[in-house]
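K.L.:
Going by numbering that gives the first Met the number 0, the sequence shown opens with residue 0, and the numbers climb by one from there.
Beta carbons: idealized from backbone N, C-alpha and C, even for Gly.
If you scroll down you'll find the structure; I have some questions about it.
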Amino acid sequence: MRLDNVILVGFMGAGKSVCGRLLARRLGRCFVETDDMITAAAGRSIPEIFREDGEARFRALEGEILEAIRLKSGDVIATGGGLPCREGRMQTLRELGTVVWLRGDLPELLERARRSGDRPMLLGRTPEEIAALYREREAYYGRAHLTVDTAGLSVDASVRRLLARLREAHVARV
Ligand code: S3P
0 MRLDNVILVG FMGAGKSVCG RLLARRLGRC FVETDDMITA AAGRSIPEIF
50 REDGEARFRA LEGEILEAIR LKSGDVIATG GGLPCREGRM QTLRELGTVV
100 WLRGDLPELL ERARRSGDRP MLLGRTPEEI AALYREREAY YGRAHLTVDT
150 AGLSVDASVR RLLARLREAH VARV
């Protein structure tokens, strides 16, 4: 049986955290972020984990957190942008709830990601390399149950669209 979490996936800057928090409030549900779970478990910030142990270690921690998420039900869960992008990960997420891809325009996503804090995956990468990373990841995000386009939309409008899609899919009643 599919658990009734709502799981947000998408590239850095997609608004998974800010929209997720608001969505959870509107639905009267708890909100959790995989990045926060990793930070709490490791006792370090994400940039510190990348700097001290490297990306591979961070991806392994994401795998462990994915196992912990199996215990959740009824939550809104925002995932880190790279979490779904390995073999088998989207399948696992799909078993844990309704997976929603928050899809936006790459330049808009990057502007937002750069504005709101440390993103180790953007450091030292050329615009071409970032565009290539985005293209690679689209194949994974595209396996979500629902895709919500947020290009040009405010947070409020994005959440309204998200709620409407969840209602259509009979995932949300409010
Ligand atoms: C990452 C995205 C980040 C965070 C980490 C790696 C990625 O989360 O998990 O810096 O690989 O795209 P956001 O998507 O919330 O920025």
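Alpha carbon to alpha carbon, how far is Gly-80 from Val-158?
P.N.:
About 19 Å.
K.L.:
Nearest-angstrom Cα distance between Ala-138 and Arg-24?
P.N.:
So the two alpha carbons sit approximately 30 Å from each other.
K.L.:
Under the three-state reduction of DSSP, which class applies to Asp-104: helix, strand or coil?
P.N.:
Note: Asp-104 maps to coil in three-state DSSP.
K.L.:
So, Leu-101 versus Thr-149, is the Cβ gap smaller than 7 Å?
P.N.:
Against a cut-off of 7 Å, the Cβ pair of Thr-149 and Leu-101 comes out as a contact.
K.L.:
Figure out for me which residue from Asp-35, Arg-93 and Glu-66 has the closest Cα to the Cα of Arg-142.
P.N.:
Selected option, being the one with the closest Cα: Arg-93.
K.L.:
Since Lys-15 and Ala-77 are thought to touch, with beta carbons under 8 Å apart, how far apart are those beta carbons, to the nearest angstrom?
P.N.:
Going by Cβ atoms, the distance from Lys-15 to Ala-77 rounds to 4 Å, so yes, they are a contact pair.
K.L.:
Which of helix, strand or coil does DSSP assign to Gly-53?
P.N.:
If DSSP states are grouped into helix, strand and coil, Gly-53 belongs with coil.
K.L.:
Per DSSP, which one or two residues make a beta bridge with Leu-7?
P.N.:
According to DSSP, Leu-7 bridges with Ala-77 and Val-99.
K.L.:
How is the alpha helix (DSSP H) around Thr-33 delimited, first residue to last?
P.N.:
Unbroken alpha helix (DSSP H) run through Thr-33: 33-41.
K.L.:
Do you know how far the Cα of Val-17 is from the Cα of Phe-30?
P.N.:
When rounded, the distance between both Cα atoms is 10 Å.
K.L.:
Suppose the cutoff is 7 Å on Cβ atoms and the five residues either side in sequence are ignored; what does the same chain contact list for Cys-84 look like?
P.N.:
If we look at Cys-84 and ignore the five residues flanking it on each side, its Cβ neighbours are Arg-136 and Tyr-139.
K.L.:
Establish whether the CB of Arg-85 and some CB of chain C are separated by less than 7 Å.
P.N.:
Protein chain content of the structure displayed is limited to a single chain, and chain C is not contained in it.
K.L.:
Any heavy atom of the ligand S3P within a distance shorter than 6 Å of the CB on Gly-81?
P.N.:
Yes, the Cβ of Gly-81 comes within 6 Å of a heavy atom of the ligand S3P.
K.L.:
Does the ligand S3P have even one heavy atom less than 6 Å from the beta-carbon of Arg-85?
P.N.:
False, no ligand heavy atom lies under 6 Å from that Cβ.
K.L.:
I'd like to check one pair, Asn-4 with Asp-74: are the Cβ atoms closer than 7 Å?
P.N.:
Yes, these two residues count as a Cβ contact at 7 Å.
K.L.:
For Leu-152, which three-state DSSP category applies?
P.N.:
Residue state, collapsed to three classes: coil.
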